[in-house]
Amino acid sequence: MEISSLSSIRLVLQPAVNLLQIIIISLICAVSLPSFAEHLEPPTAIKVNVLSPFSTEQERALLYSFRKTLLDEYNIEASETLIFWQRQPNWQQQLEQNQPDLIVAIGNDSYNKVKELELSAPVLAMMLSKDLLQQLRQHPRDNIYAITHTQPSDRFVQLAKSLNVYQAQIGSFISPQIKDQIHEFEQLARFYDLTYRPVIVEPKRKGRDAIRQLSLCCSVILLESDFVYRPGKVRKSILVNAYRQRIIVIAHSESVLKEGAMLTLFTQPHDIGKQGATLYSQILSDSVSEPYQYPTSFSISINRKIARLLGYDDLKVGALMRKVETLDFIQKSMGNGKMQTP
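Residues 16 to 357 in my numbering are what the sequence shown spells out, letter by letter.
#1: For the pair the region 131-144 and the region 157-165, tell me if three or more CB-CB distances fall below 8 Å.
#2: Which of the three DSSP states is assigned to threonine 341 in this structure?
#3: What span of residues does the beta strand (DSSP E) with phenylalanine 69 cover, start to end?
#4: Can you find the residues in the same chain that come closer than 6 Å, C-beta to C-beta, to proline 213, ignoring five residues on each side of it along the sequence?
#5: Taking only the alpha-carbon atoms, compute the straight-line gap between isoleucine 345 and tyrosine 207 and give it to the nearest angstrom.
#6: Cα separation between threonine 279 and leucine 272?
#7: For methionine 349, which residues of its own chain have a beta-carbon under 6 Å away from its beta-carbon, when the five flanking residues on both sides are left out?
#8: First and last residue of the alpha helix (DSSP H) that includes glycine 288?
#9: Could you tell me which of Arg337, Ser67, Arg152, Leu117 sits nearest to lysine 128, measuring between CA atoms?
#10: Just to confirm before moving on: does the CB-CB distance between serine 312 and glutamate 269 stay below 8 Å?
#11: At which residues does the beta strand (DSSP E) containing glutamine 184 begin and terminate?
#12: Suppose you measure from the CA of valine 243 to the CA of arginine 250; what does that come to, to the nearest Å?
#13: Which stretch, first to last residue, makes up the beta strand (DSSP E) that contains serine 314?
#14: Would leucine 86 pass as a contact of glycine 291 if the rule is Cβ separation under 8 Å?
#15: Looking at the secondary structure, which residues open and close the beta strand (DSSP E) in which serine 94 lies?
#16: Kindly indicate which residue of Ile121, Lys130, Pro137 has the alpha-carbon position closest to the one of glutamine 114.
#17: Taking the alpha carbon of glutamate 340 as the reference point, which residue from Ser252, Val235, Lys176, Gln101 has its own alpha carbon closest?
#18: Round the Cβ separation of arginine 152 and tyrosine 307 to the nearest angstrom and send it over; I've been treating them as touching at under 8 Å.
#19: Give the DSSP-derived three-state secondary structure of asparagine 113 in the structure shown.
#20: Over the uninterrupted beta strand (DSSP E) stretch that includes leucine 237, give me the two end residues.
#21: Would you grab the beta carbon distance between asparagine 256 and isoleucine 226 for me? Rounded to a whole angstrom, and I think it's under 8 Å.
#22: Residues in its own chain within less than 6 Å of phenylalanine 81 by CB, not counting five upstream and five downstream?
#23: So, at 7 Å on beta carbons, what are the nonlocal neighbours of lysine 338 in its own chain, with the 5 sequence-adjacent residues on each side left out?
#24: Look at the Cβ atom of phenylalanine 200, then the Cβ atom of serine 168, and state whether they are nearer than 8 Å.
#25: Would serine 1 and glutamate 111 be called neighbours here (beta carbons separated by less than 8 Å)?
#26: Using the DSSP secondary-structure output, state which residues sit across from proline 213 in a beta bridge.
#27: Following the continuous alpha helix (DSSP H) through leucine 280, name the residue where it begins and the one where it ends.
#28: Can you tell me whether glycine 326 is buried or exposed? The criterion is at least 16 other CB atoms within 10 Å of its CB, across all chains shown.
#29: Taking tyrosine 309 as the reference, give the member of Asp301, Leu294, Ile298 with the closest Cα.
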């Protein structure tokens, strides 16, 4: 009898269960269909003119990431026209001939060529040097946006702090043209309980004054850019002397590892491209909060040979990056380094 009763109950309840399943499926479809329909919307097509001196592997990686991010994350399909000003004397006529939605300038020279032109399309300059980015921050330009590939000074100091060097003293090469950086480094050093000493140099003296000052300078020296000492024999000689005096060099490019740097901070071109796509989406939505940007992501490389010889053979890239990110979070939470202690 009990089995018969249970069967009867199932027969009575089954239609109600079926109806409930239909209602649930209908609700799921009702929620999913709008987003599915949005996904099926054709991408917005834009025309992008890219100005650069010539094609390079870095540029191709940047532009591929730029296009892919626009399409994947913002449903924007970019059609590019490449204009190489070194090879095409009529580059200026081509720049707006096809009425582009955006002009991308790659590098300092390309930006300098377009900055004084009267253009109707917005200009997005990528791979700019730090000094040009700072100029734009001090003197903003209408309809011009920029991203540098160089790292902010904060990040170099944060990496130096992450090494846990005993009584660490940090230094950097300062030429007469960039003396204003001294105050910035002094503030950052105080915030992170470090000592900062500028190495005042005149690059025309072929590096002799830099080598002479190294022994009295610091335990960690920060080489932020090529501005003071460009790649070549002079800079390599300075870095070799730094290594001989057991000074850790933190530089701005992987190529400097071969010259004697122990660590480098840099951003990959594809990350710059991705950041550029995000900035362009903000331009379209009129939601740009910072038109002139430092890289939001970064990488660290280690010269293992020099690290081992200087007693840092256990360094791990992942651990260093986490420390830098943590220090950056703390700094921003406490007023961007304007307080005395972290």
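Glycine included, every Cβ here is placed at the ideal spot set by N, Cα and C.
On a predicted model such as this, the values are computed, not experimentally measured, just so you know.
In terms of the structure at hand:
#1: Using a Cβ-Cβ distance cut-off of 8 Å, the region 131-144 and the region 157-165 are in contact, since at least three pairs of beta carbons, one from each stretch, lie closer than that value.
#2: Here residue 341 corresponds to residue number 326 of the sequence shown, with the count starting at 1. Helix at threonine 341.
#3: For the purposes of this step, residue 69 is identified with residue 54 of the sequence shown, where counting begins at 1. Unbroken run through phenylalanine 69: none, as it is neither H nor E.
#4: Within the sequence shown, residue 213 is the residue found at index 198, counting from 1. Cβ within range, chain order: Ile189, Ile197.
#5: Against the sequence shown, residue 345 aligns to sequence position 330. Against the sequence shown, residue 207 aligns to sequence position 192. Taking the straight line from one Cα to the other gives about 11 Å.
#6: As a position in the sequence shown, residue 279 is number 264, starting the count at 1. As a position in the sequence shown, residue 272 is number 257, starting the count at 1. The straight-line gap from Cα to Cα measures roughly 7 Å.
#7: Position 334 of the sequence shown, counted from the start, is the residue given in the question as residue 349. Excluding sequence neighbours, methionine 349 sits near nothing in its chain.
#8: Start at 1 with the first residue of the sequence shown, and residue 288 comes out as number 273. Boundaries of the alpha helix (DSSP H) harbouring glycine 288: 284-299, taken from the DSSP string.
#9: Residue mapping note: residue 128 aligns to position 113 of the sequence shown, counting from 1. Of the candidates Arg337, Ser67, Arg152, Leu117, the one whose C-alpha sits nearest the C-alpha of lysine 128 is Ser67.
#10: On the sequence shown, residue 312 is found 297 positions in, with the first residue counted as 1. On the sequence shown, residue 269 is found 254 positions in, with the first residue counted as 1. No, Cβ-Cβ distance for serine 312 and glutamate 269 is not below 8 Å.
#11: Residue mapping note: residue 184 aligns to position 169 of the sequence shown, counting from 1. Residues 184-189.
#12: Start at 1 with the first residue of the sequence shown, and residue 243 comes out as number 228. Start at 1 with the first residue of the sequence shown, and residue 250 comes out as number 235. Those two C-alpha atoms are separated by around 9 Å.
#13: Translated into the one-based positions of the sequence shown, residue 314 becomes position 299. Unbroken beta strand (DSSP E) run through serine 314: 314-317.
#14: For the purposes of this step, residue 86 is identified with residue 71 of the sequence shown, where counting begins at 1. For the purposes of this step, residue 291 is identified with residue 276 of the sequence shown, where counting begins at 1. Against a cut-off of 8 Å, the Cβ pair of glycine 291 and leucine 86 comes out as no contact.
#15: As a first step, residue 94 is located in the sequence shown; it is residue number 79 there, counting from the start. For serine 94, the enclosing beta strand (DSSP E) covers residues 91-99.
#16: Position 99 of the sequence shown, counted from the start, is the residue given in the question as residue 114. Checked all of Ile121, Lys130, Pro137; the closest Cα to glutamine 114 is Pro137.
#17: The residue you call residue 340 lines up with position 325 of the sequence shown. With respect to the C-alpha of glutamate 340, the residue from Ser252, Val235, Lys176, Gln101 having the closest C-alpha is Lys176.
#18: To locate residue 152, count along the sequence shown from 1; it is residue 137. To locate residue 307, count along the sequence shown from 1; it is residue 292. Here arginine 152 really is in contact with tyrosine 307; their C-beta atoms are around 5 Å apart, less than 8 Å.
#19: Translated into the one-based positions of the sequence shown, residue 113 becomes position 98. DSSP places asparagine 113 in coil when its eight states are reduced to three.
#20: Residue mapping note: residue 237 aligns to position 222 of the sequence shown, counting from 1. 235-238 is the extent of the beta strand (DSSP E) around leucine 237.
#21: Stepping through the sequence shown from its first residue, residue 256 is reached at position 241. Stepping through the sequence shown from its first residue, residue 226 is reached at position 211. The Cβ separation is near 5 Å, so the contact holds.
#22: Locating residue 81 in the sequence shown gives position 66, counting from the first residue. Excluding sequence neighbours, phenylalanine 81 sits near Gly288, Gly291, Ala292.
#23: Here residue 338 refers to the residue found at position 323 of the sequence shown. Within the same chain, lysine 338 has close Cβ partners Ser177.
#24: The count along the sequence shown starts at 1 and reaches residue 200 at position 185. The count along the sequence shown starts at 1 and reaches residue 168 at position 153. Yes, these two residues count as a Cβ contact at 8 Å.
#25: What the structure shows of the chain is the stretch from 16 to 357, and residue 1 is not part of that stretch, so it cannot be assessed.
#26: Your numbering for residue 213 matches position 198 in the sequence shown. Beta-bridge annotation (DSSP): proline 213 is paired with Ser187.
#27: Stepping through the sequence shown from its first residue, residue 280 is reached at position 265. Counting along the chain, leucine 280 falls outside any alpha helix (DSSP H), though it belongs to the beta strand (DSSP E) covering 278-281.
#28: The sequence position of residue 326 within the sequence shown is 311, counting from 1. The residue is exposed, with fewer than 16 neighbouring Cβ atoms inside 10 Å.
#29: Locating residue 309 in the sequence shown gives position 294, where the first residue counts as 1. A check of alpha carbon separations from tyrosine 309 across Asp301, Leu294, Ile298 identifies Leu294 as the nearest.
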